[in-house]
Each structure stands twice: as structure tokens, then as C-alpha cells.
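Numbering-wise, the sequence shown is residues 47 to 155 according to our numbering. Every residue gets a Cβ at the ideal spot worked out from N, C-alpha and C, and that includes glycine. Source: prediction; values computed, not measured. For reference, the structure is listed below as C-alpha cells.
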Amino acid sequence: MAIIVKHNNTGNYYALVGTGTNIDPSLLSPRFLKNLLPLMVTVCDRNGNIFGLPASEVIVTTIDSQSPGELLPEPDVITPTVSPESEVNATNAQGEGEIFDDDEDEDWI
Numbered sequence: 047m048a049i050i051v052k053h054n055n056t057g058n059y060y061a062l063v064g065t066g067t068n069i070d071p072s073l074l075s076p077r078f079l080k081n082l083l084p085l086m087v088t089v090c091d092r093n094g095n096i097f098g099l100p101a102s103e104v105i106v107t108t109i110d111s112q113s114p115g116e117l118l119p120e121p122d123v124i125t126p127t128v129s130p131e132s133e134v135n136a137t138n139a140q141g142e143g144e145i146f147d148d149d150e151d152e153d154w155i
């Protein structure tokens, strides 16, 4: 399966080779570092040179010579419904925001 991606910053097209994070497995806390480092994709150019790009900088243009729109169904549009009863109103009788005593907080700090 050939997946062609376009680099948004340069406009160049590349073949997608793989995905992952740019983390050395020998690091002590890879789970912590995964949250800090971007998801990377491994691509190659027409000369076969392999390198990584941030996933946020590429877009898939074709999969086996077909656009993603031809392969994937239309998404279902789901509109969230919020009932008035579920909304919390934190105002007092005068329409002001609720006032809390700060004295109670000092006991547990």
C-alpha cells in the first residue's frame, strides 16, 4: 500500500514509511516524554532518502492512487444536546456570583 503525503510547509510530496515518536527507548521515562515530543512520521523522497517530519506538518493526499475522500465514508455529524436542567447556575438571588468564605481553606493548606 502506497501512502503519499504532502508537507504543508514546503509543498513537497513524500512516501509515508511509518509513524511513531522521536523517543530513544533507553530513556528512563518514555511515557512522560511522549507527552512533550510531537508525533513524527517517517517519509522518503523520490531518491529514497529517509527522514522524519512532525505529523502536524503533513497531510495524506493519496492512498493506493485514491484520495482519502474516495476511500472513507462521510462522517456522521452529531450535534451535542444540552438540557437546561443539566446546566449549573452558580448565582445568588441578586444575580451575583457565589461568594465563598476563604477561612475554611486555611485549615487544609
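Burial state of Leu118 (16 or more Cβ within 10 Å): Within the sequence shown, numbered from 1, the residue matching residue 118 stands at position 72. Its Cβ having fewer than 16 others within 10 Å, Leu118 is exposed.
Taking the CB atoms as reference points, tell me whether Ala101 and Leu83 lie closer together than 8 Å. As a working mapping, residue 101 is identified with position 55 in the sequence shown. As a working mapping, residue 83 is identified with position 37 in the sequence shown. With a cutoff of 8 Å on beta-carbon distance, Ala101 and Leu83 are scored as not near each other.
Check the C-beta distance from Val87 over to Gly98 and give it rounded, since I have them as a contact under 8 Å. As a working mapping, residue 87 is identified with position 41 in the sequence shown. As a working mapping, residue 98 is identified with position 52 in the sequence shown. The Cβ separation is near 7 Å, so the contact holds.
Pick from Thr125, Val63, Asp122: whose alpha carbon is nearest that of Met47? Residue mapping note: residue 47 aligns to position 1 of the sequence shown, counting from 1. Residue Val63 is the option with its Cα nearest to Met47.
Where does Val106 land, buried or exposed, given buried means 16+ other C-beta within 10 angstroms? Position 60 of the sequence shown, counted from the first residue, corresponds to residue 106. By the beta-carbon neighbour count (other beta carbons within 10 angstroms, threshold 16), Val106 is exposed.
Could you tell me whether the Cβ atoms of Asn54 and Val104 are closer together than 8 Å? Here residue 54 corresponds to residue number 8 of the sequence shown, with the count starting at 1. Here residue 104 corresponds to residue number 58 of the sequence shown, with the count starting at 1. Contact flag set, yes.
At 3 residues or longer, what runs of the beta strand (DSSP E) sit wholly inside the stretch 83-135? The stretch 83-135 contains these whole beta strand (DSSP E) runs: 85-90, 96-100, 104-109.
For Val123, is the classification buried or exposed, using 16 other Cβ atoms within 10 angstroms of its Cβ as the cut-off for buried? Here residue 123 is taken as the residue at index 77 of the sequence shown, counted from 1. Counting Cβ neighbours within 10 Å, Val123 comes out exposed, since fewer than 16 surround it.
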